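Engineer: Residue numbers (our numbering), protein chains in the order written: chain A, 2 to 363; chain B, 11 to 553; chain C, 3 to 540.
There's a structure below that I have some questions on.
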Amino acid sequence: MKDDGRGETPRTLTVTLDGQPVAAAPGETVLTVARRAGVDIPTLCHDDRLAPTGACRMCLVESSDSRRMVPACRHPVSDGLAVQTDTPDVQRHRRALLALYLADQPGAPTPGSDLERLARRYGVEPGVPAVEAPRAGRPDDANRFIAFRADRCILCARCTRYCDAVAGVAAITLANRGAHTTIATAGDAGLLDTSCELCGGCVDTCPAGALVERSAEAAIDAGAPLEVVRSTCNYCGVGCQIDLHVDRVANAVVRVTSPPPGTTTNDGNLCVKGRFAFGFIDHPDRLTAPLVRGADGALHATDWDTALGRAAELLTGVSARYGPDALGFVSSSRCTNEENYLVQKLARAGFGTNNVHQCAAT
Amino acid sequence: MPDGAPPRTYHHRGDEAGRRRDADQARVLPLFDAHGGLRPGAVRAIQAETGVPAATVHGVGSFYHLIARPDVEARVCEGLSCRMRGADRVLAGLRAEGRAVEGCACLGQCDRAPAVLWAGAEAGHGFEIGTGAEPGSVAAPHLTPSSPDLAIDLAAPDDPTWPALEAARHLGPAGVRVELRAARLRGRGGAGFPAHLKWDAVAAAPPGPRVVVCNADEGEPGTFKDREVLVRRPHRLLEGLAIAAHAVGADRIVIYLRGEFEGPRRALEAAVAQARGAGHLDGLSVEIALGHGAYICGEETALLEALEGRRGMPRHKPPFPTEAGLFGRPTLINNVESLACVPAIVQRGGAWFAGLGRGEASGTKLFSVSGDVARPGVYELPLGVTFGEVLEAAGGVAGGRALGAFSPGGASSGLLPPDAVDVVMDFGPLAERGSMLGSAGVVVLDETRDLLDAALTQARFFRAESCGQCAPCRIGTQVLVRLLERARDGEATAADRDTLERVAWEMDAGSICGLGMAAPLPALHLVRYFPDALRTRGPAEGG
Amino acid sequence: MTTFGAGAMTNSIGEIRAADFLMVIGSNTTEAHPVIAMEMKRAALRGATLVVCDPRRIWLADFADHHLQLAPGTDVWLLNAMARVIIDEGLWDADFVARHTEGFAAVVEAVRDCTPERAEQMTGVPAELIRTVARAYATTEKAGIYYTLGITEHTHGTDNVYALSNLVLLTGHLGKPSAGLNPLRGQNNVQGANDTGASPVFLPGYQRADDAAARARVGAAWGVPVPETPGLNLNQMMKAVAAGGPVRGLFVMGEDILVSEPDVARLEAGVAQLEALVVQDIFLTETAKYADVVLPAACFAEKEGTFTNSERRVQRVRRAVNAPGEARPDWAILAALFERVSGRPAAPGGPAAIYDEMAGLTDKFAGISHARIDAEGGLQWPCPTPDHPGTRYLHADGPARGKALLVGVRPKRNHEMPDDAWPLLLTTGRTLYHYNAGTQTRRVAGVTDKQDGCFVEVCPADAAVLGVGDGDVVRVSTRRGAIEARARVSSRVARGRVWMPFHFAEARANLLTVDAGDAVTGTGAYKVCACRVVRAGG
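Encoded structure:
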């Protein structure tokens, strides 16, 4: 994404990453600098939109200013700092940590989740016995959009931090403690009975497949390949970029996600309508054939040639009888630029009137 | 629909609105007491009173056991010493009576094992302690007899005249810190960090309000020495706090007191009132904040989170509390015992204090001794004595049996074998043994004790008290319990020992705070020092 | 918006979180523009001063430093009083005003009577609070104003916008990041529909239809002259339908005017009398039920094209699935119809070629094409050449008109005020969970679980007087019609005012609203009308 106005600080420090000198700005974290330099450090609880917590421990690296490994996501750089991201201890730590996470999952990790991807990439220390995750879910949650599978949760708190700091809704929280820690609402109410605005940002940010869209739950767990088409949301004027996940066989959109944070204006965010209100697309009420009013006064399905001919004849008739300014053209702020252009061209060049206006002029 | 409360995600935004929100958040835990814990309606009411969102309030309350389970009548200590004295039977007995009862982490009453905490009339607090199933039946611990060569001297009468504060004012803040440096006082809470470094750091912080926090959340299993300081020498502690505030330029003192410590609370409140009356606390604000049942809040940054009304999850360091502590202010946090050493250091000089120790070690140290000893109690001995001397002070192994194992410094120190009887009880020598002095909560096990069960007890303690924030600790503590249970049940596999070592390594390397780093020690020590304890169980031969 | 030369957000959405002062007026941002509200909340949580001006205590007000709960339709009083404080206290940017504006004297004159104390009487906002906010706005560098239909949907909506732009120009909060004047567009392509000339007064690219040179330029490209007769705006068009003339034939694309237009009962009678009604939509809307011909269209997920968002960013719409049955993309239907009536092809190359044709008529969009967006992502106009990066914020080199016009506006009375017979003031608006006429969102079960059915917010004091409890069915009526809805007793509305959403076809709030429109834009006055509320059946 081009400069979006969210700002940047000059880089006056030098840091060594795996032996390579890299420029950095005061206040930056090791992770920020590493990502810019193309040095890959795995993360689970990190989301660029959220203040880093360092809780998942995935991004631990060796740093010249600390005896213990440090979380890259929140460790500040200093001039001359030397960071090692791929030592035997770092590798060993990644394998052992991932083994612990997997021991705490009910089965295989959710396909396509960050957790699954990292486990495949870095490998897992063998032999760690499965433990019984006593995390409580929300059995009475009737909402149809967001599924919370507590047993897959890794408690990285991305969802709760997103809900607090980005959505500004604070509907969910870390609750209980230790092995019983879970993601809860006040009084364990269903989401519909909380301050939740159903934006689904929690689903978007979940790295473990614990929060998923109910509409795509089966497809996600099966690891079914979905085709992704980048488009623009058709609701309000923010213009959020969206990725439509398409089941080609069913010719259906089954899931809508945001492009990653930092890549488009919406910065990874969507609202309830953009993310979840796509069911109208294949709703049975959709018009599937042109309709023309018959002599009986009712609308009847017909073919395009007939319908277009009738429309042209009616509009031309009014123009012929009363002049073109007896016609009005209501264009649509819901339709594309190209279509709005064509409506005004139809009015002006086709019929010769300036009586054209979109439905929401402001 | 959102009903009224914006989330409070940011810590300590410097402006007025930010300070107001910090103050609102800090009221959440005290308000839970007022509302009788996490009961229906309490969350909404607290949201209405503070503006903190309902979910956040729920998340905070559910973290603390005394709040989360308000209807428990009795909590039976499942610490090692209590377990060795039949806590299981007490728990089963109370259950059989149909009482609302549960096991809990060490209550700091190891000398009175098996200890039971009874709910009082006051919700959340007002507890009563008993030994066995009888409330109120407790004995006083054995103490070292009073002597001028003790820094704290528990057996001496408490002195409400605060002579050391006058001396400290005479020395001036910098002069006090010079004496503290000369005293080479290392923090008595467990980490052994040189106290003067913290004091100097807070004193050197940029101008602005500073805070002195007393960590009185004694909870390390096997430890009950702060309890005795609070009950017997509250003036000495308060005087130490006032001197600390003077030395670092703070005008606010907060004492974070373990919520289960009803007796110490009464003693402390009385001493505060008396000191106020005497004018000792003029210009100082002193608050006593009560804990709500979370061992982790003895970790200094988790303690700060609790004081701020949040879930007691440790913070990352840096920044250290000395830079950004309570509500972002430079904060000096010291343990009860450390602070109680301060008046004597100021009055008699840092060099005198340093000379009390043996060899390299400096000062005297309170040892809580319990388990299979003849005279369980709190003994103030020179730092640097051997374990054998500590055992002797407590009358040796009870019943004339042989030593089986000992835990030198609470659950976090693991278990050492009898041949370590001559180990020097100081920070360095114990660290060399892969253990730690910690809080010096010594638990002695005789030759008949089941060491696998002892290790399992400690492992379960850490599982229950892990805050849950980081996976190495949250999941690692579960895996360790699982591995030890497999050994107990004869289901261990040959690879389990390697797995245990790998998980322990990860807990040490990957955990955020010391809890996760210490948690694997009991199991690791079993592997290292007591291979038979594992081998005699089931077919794990050759593992 | 004529004061800065172009009607669009001067600044970008991404700049919001870096703002130090945000004034949100007439915008229920959390519900109508949730993702922009997230940016505002982040600014507020960071420490920016957030001022919400709204007759209702909207959700965003919970995050605000100040909520100015002004009486509906009194915006000019409030804004003029702020201007007066800024002028009186010497907080205006004399250098900016001298170099970039004209009309200062007119503003001084117009705000003379608008003292904060008088404004307090009219708006209900304490004078001292008006002063505080005016000072903070004027003295903060990164200070932006954000508004939506609560400003424009009034009979004096244009005056409201002038009063806002006066504040921006007086303080010079223009041509820099995180500042400016930012209308948030209510629908996905309001901006683009304006940009591309779906307007009686503008040809594509804001070239005025009454400008002969512009007509000549466009006419030459089209090969036919552009008509000279001024066109009717939407409000005038609807009145011309409701009155039975002079408009006798209507073509409606993608809009359910019988739900969304004000005073809809009269309009419905007029629509029934039309000699020709052609409706192009994805569902059989209330309007389509009256049509002579209904043309089934593809929805956004089934076609190619572009939308332009509130920050002037042209972004792609792409086909993900096939349209159902015989449905076709709107552009294809329009092209076919154009060919029928004109005998000339309209869009042989499809959407990309249509965009190129439109962009070729303008300077603002000349550098934008589907191919460029596909390669680079969305582009913000003005973007005059193919190598131009687009424009993040406008007027970096001073206002586009050369000198921007400060317009002295004086407060006007609302067209309809409560009286003894119609004692409550009704405002209509949007909720988070539904969208416009609800044709899409009311067909999504997960949304209707959360909110299904019309409601009217009544404050506890009024509810007590009316004998209405939370959840009771009430009858809301105005001089034009009546509907039933459930009462929601809520302190978010003030005494004497009620609020309801307009998304529900079975309880059309627009049966109640007035068809008065703004004199300049024709925008309907949805925000103010007098009503009464009684218990249904009671």
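For every residue, glycine included, the Cβ atom is placed at its ideal position computed from N, Cα and C.
A quick note: this is a predicted structure, and the numbers were derived from the prediction, not measured.
Nearest to Asp161 (chain C) by CA position, among C:Ala100, C:Thr515, C:Glu418 and C:Ala521, is which residue?
Structural biologist: Mapped onto the third sequence, residue 161 (chain C) falls at position 159. Nearest of C:Ala100, C:Thr515, C:Glu418 and C:Ala521 to Asp161 (chain C), Cα basis: C:Ala521.
Engineer: Using beta carbons (cut-off 8 Å, strictly below), is Gln275 (chain C) in contact with chain A?
Structural biologist: Here residue 275 (chain C) is taken as the residue at index 273 of the third sequence, counted from 1. Chain A, which has no Cβ nearer than 8 Å to the Cβ of Gln275 (chain C), makes this no.
Engineer: Can you give me the Cβ contacts of Phe279 (chain A) inside the same chain, cut-off strictly under 7 Å, excluding the 5 residues immediately before and after it?
Structural biologist: Residue numbering aside, residue 279 (chain A) sits at position 278 when the first sequence is read from its first letter. Result list for Phe279 (chain A): Val254 and Val257, in chain order.
Engineer: Could you confirm whether any beta carbon from chain A is found closer than 8 Å to the beta carbon of Ala486 (chain B)?
Structural biologist: Your numbering for residue 486 (chain B) matches position 476 in the second sequence. Per the sequence shown, the amino acid found at residue 486 (chain B) is Gly instead of Ala. Closer than 8 Å to some Cβ of chain A, the Cβ of Gly486 (chain B) qualifies, so yes.
Engineer: Determine contact between the region 473-493 of chain C and the region 451-460 of chain C, defined as no fewer than three beta-carbon pairs at a distance below 8 Å.
Structural biologist: Contact between the region 473-493 of chain C and the region 451-460 of chain C is present, because at least three Cβ pairs lie under 8 Å.
Engineer: When you compare each of B:Asp227, B:Pro541 and B:Ala192 to Ile306 (chain B) by their alpha carbons, which one comes out closest?
Structural biologist: What you label residue 306 (chain B) is simply residue 296 of the second sequence in a count that begins at 1. Answer by Cα proximity: B:Asp227.
Engineer: To the nearest angstrom, how far is the alpha carbon of Val352 (chain B) from that of Leu376 (chain B)?
Structural biologist: Along the second sequence, one-based indexing puts residue 352 (chain B) at 342. Along the second sequence, one-based indexing puts residue 376 (chain B) at 366. Approximately 14 Å between the Cα atoms of the pair.
Engineer: In chain order, what residues of the same chain lie with their CB nearer than 7 Å to the CB of Gly113 (chain B), ignoring the 5 residues before and after it?
Structural biologist: Along the second sequence, read from residue 1 onward, the residue named residue 113 (chain B) stands at position 103. The residues are Val86, Glu88 and Leu101.
Engineer: For the region 175-249 of chain C, list the alpha helix (DSSP H) runs that are entirely contained and at least 4 residues long, ordered along the chain.
Structural biologist: Runs of the alpha helix (DSSP H) inside the region 175-249 of chain C: 192-197, 214-224 and 236-244.
Engineer: Take Val266 (chain C) as the anchor and find which of C:Ser29, C:His505 and C:Arg482 has the nearest alpha-carbon.
Structural biologist: The residue given as residue 266 (chain C) occupies position 264 in the third sequence. Checking every option, the nearest Cα to that of Val266 (chain C) belongs to C:Arg482.
Engineer: Indicate whether at least one CB of chain A lies closer than 8 Å to the CB of Val67 (chain B).
Structural biologist: Position 57 of the second sequence, counting from 1, holds the residue named residue 67 (chain B). Taking Cβ atoms only, chain A reaches closer than 8 Å to Val67 (chain B), which makes this a yes.
Engineer: Using 8 Å as the limit for Cβ to Cβ distance, is Asn177 (chain A) near chain B?
Structural biologist: Here residue 177 (chain A) is taken as the residue at index 176 of the first sequence, counted from 1. It does: the Cβ of Asn177 (chain A) has a partner Cβ on chain B nearer than 8 Å.
Engineer: At 4 residues or longer, and completely inside the region 431-493 of chain C: list those alpha helix (DSSP H) runs for me, N to C.
Structural biologist: Counting whole runs of 4 or more residues, the region 431-493 of chain C contains the alpha helix (DSSP H) stretches 447-452 and 462-468.
Engineer: Going along chain A, which residues have a C-beta under 7 Å from Gln479 (chain B)?
Structural biologist: Counted from its first residue, the second sequence places residue 479 (chain B) at position 469. Those within 7 Å of Gln479 (chain B) in chain A are Ala56.
Engineer: Could you give the C-beta distance for Gly448 (chain B) and Ser422 (chain B), rounded to a whole number, given that I count them as a contact under 8 Å?
Structural biologist: For the purposes of this step, residue 448 (chain B) is identified with residue 438 of the second sequence, where counting begins at 1. For the purposes of this step, residue 422 (chain B) is identified with residue 412 of the second sequence, where counting begins at 1. Right, the Cβ-Cβ distance comes to about 5 Å (below 8 Å), so this counts as a contact.
Engineer: For my contact list, Gly410 (chain B) and Ser417 (chain B) are in at a C-beta cut-off of 8 Å; report their separation, rounded to the angstrom.
Structural biologist: Numbered from its first residue, the second sequence carries residue 410 (chain B) at position 400. Numbered from its first residue, the second sequence carries residue 417 (chain B) at position 407. Their Cβ separation, rounded to whole angstroms, is 21 Å, which puts Gly410 (chain B) and Ser417 (chain B) out of contact at 8 Å.
Engineer: Taking a Cβ distance cut-off of 7 Å, strictly less, list which residues of the region 183-194 of chain A are near chain B, in chain order.
Structural biologist: Cβ contacts with chain B: Ala185, Thr186, Ala187 and Gly188.
Engineer: Is Met11 (chain B) helix, strand or coil by DSSP?
Structural biologist: Position 1 of the second sequence, counting from 1, holds the residue named residue 11 (chain B). Confidence at Met11 (chain B) is low in this model, with a pLDDT of 35, below 50, so its placement is unreliable and the value that follows should be read with caution. Here Met11 (chain B) sits in coil by DSSP.
Engineer: Do the region 146-155 of chain B and the region 175-187 of chain B meet, that is, are 3 or more Cβ pairs less than 8 Å apart?
Structural biologist: Result no; under three Cβ-Cβ pairs closer than 8 Å.
Engineer: Please classify Arg231 (chain A): does DSSP put it in a helix, a strand, or coil?
Structural biologist: Along the first sequence, read from residue 1 onward, the residue named residue 231 (chain A) stands at position 230. Arg231 (chain A): strand per DSSP, three-state reduction.
Engineer: At the 8 Å Cβ level, is Gly233 (chain C) part of the contact set with chain A, yes or no?
Structural biologist: By 1-based counting over the third sequence, the position of residue 233 (chain C) is 231. At least one chain A Cβ lies under 8 Å of Gly233 (chain C).
Engineer: Apart from the five residues on each side of it in sequence, which residues of its chain come closer than 6 Å, Cβ to Cβ, to Met2 (chain A)?
Structural biologist: In the first sequence, counting from the first residue as 1, residue 2 (chain A) sits at position 1. Its pLDDT being 41, under 50, Met2 (chain A) is placed unreliably by the model, and nothing is read from it.
Engineer: Can you tell me whether Ala185 (chain A) is helix, strand or coil according to DSSP?
Structural biologist: The count along the first sequence starts at 1 and reaches residue 185 (chain A) at position 184. Ala185 (chain A) falls in the strand class under three-state DSSP.
Engineer: Please classify Gln468 (chain B) as buried or exposed, where buried requires at least 16 other C-beta atoms within 10 Å of its C-beta.
Structural biologist: Here the question's residue 468 (chain B) lines up with position 458 in the second sequence. Flag for Gln468 (chain B) reads buried.
Engineer: Please name the residue, chosen from C:Phe367, C:Asn416 and C:Gly400, that lies closest to Gly392 (chain C) on a Cα-to-Cα basis.
Structural biologist: The sequence position of residue 392 (chain C) within the third sequence is 390, counting from 1. Of C:Phe367, C:Asn416 and C:Gly400, the residue nearest in Cα terms is C:Phe367.
Engineer: Strictly below 7 Å CB to CB, what residues from chain B border Val129 (chain A)?
Structural biologist: For this step, residue 129 (chain A) is matched to residue 128 along the first sequence. Residues of chain B passing the Cβ test: Val489, Thr509 and Val513.
Engineer: Pull up the distance between the alpha-carbon of Thr487 (chain B) and that of Arg268 (chain B), whole angstroms please.
Structural biologist: Along the second sequence, one-based indexing puts residue 487 (chain B) at 477. Along the second sequence, one-based indexing puts residue 268 (chain B) at 258. Going by the C-alpha atoms only, they are around 24 Å apart.
Engineer: Quick check on Phe504 (chain C): does DSSP put it in helix, strand or coil?
Structural biologist: As a position in the third sequence, residue 504 (chain C) is number 502, starting the count at 1. Three-state result, Phe504 (chain C): coil.
Engineer: Any idea if Leu336 (chain B) is buried or exposed, counting beta-carbon neighbours within 10 angstroms, 16 or more meaning buried?
Structural biologist: Sequence index remark: in the second sequence, residue 336 (chain B) carries index 326 (1-based). Buried, because 16 or more other Cβ atoms sit within 10 Å of the Cβ of Leu336 (chain B).
Engineer: Can you give me the Cβ contacts of Pro112 (chain A) inside the same chain, cut-off strictly under 8 Å, excluding the 5 residues immediately before and after it?
Structural biologist: By one-based count along the first sequence, residue 112 (chain A) stands at place 111. Excluding positions up to five away in sequence, the list reads Gly210, Ile221, Asp222, Ala223 and Gly224.
Engineer: What runs of the beta strand (DSSP E), each 3 residues or longer, lie entirely inside the region 207-251 of chain B?
Structural biologist: Fully enclosed beta strand (DSSP E) runs of 3 or longer: 221-226.
Engineer: To which residues does DSSP link Gly146 (chain C) through a beta bridge?
Structural biologist: On the third sequence, position 144 is the one that residue 146 (chain C) refers to. In the DSSP output, where bridge partners are listed per residue, Gly146 (chain C) has C:Leu24.
Engineer: Under 9 Å Cβ-Cβ, which residues of chain A neighbour Ile259 (chain C)?
Structural biologist: Taking the first residue of the third sequence as position 1, residue 259 (chain C) is located at position 257. Residues of chain A passing the Cβ test: Val331 and Cys360.
Engineer: Among B:Asp261, B:Leu278, B:Glu272 and B:Thr332, which residue has its Cα nearest to the Cα of Ala211 (chain B)?
Structural biologist: By 1-based counting over the second sequence, the position of residue 211 (chain B) is 201. Selected option, being the one with the closest Cα: B:Thr332.
Engineer: What is the DSSP secondary structure of Arg547 (chain B), counted as helix, strand or coil?
Structural biologist: Position 537 of the second sequence, counting from 1, holds the residue named residue 547 (chain B). Annotation note: pLDDT 47 at Arg547 (chain B) (below 50); position unreliable, no value reported.
Engineer: Measuring only between beta-carbons, confirm whether Tyr123 (chain A) sits less than 8 Å from chain C.
Structural biologist: In the first sequence, counting from the first residue as 1, residue 123 (chain A) sits at position 122. No, because no Cβ of chain C sits closer than 8 Å to the Cβ of Tyr123 (chain A).
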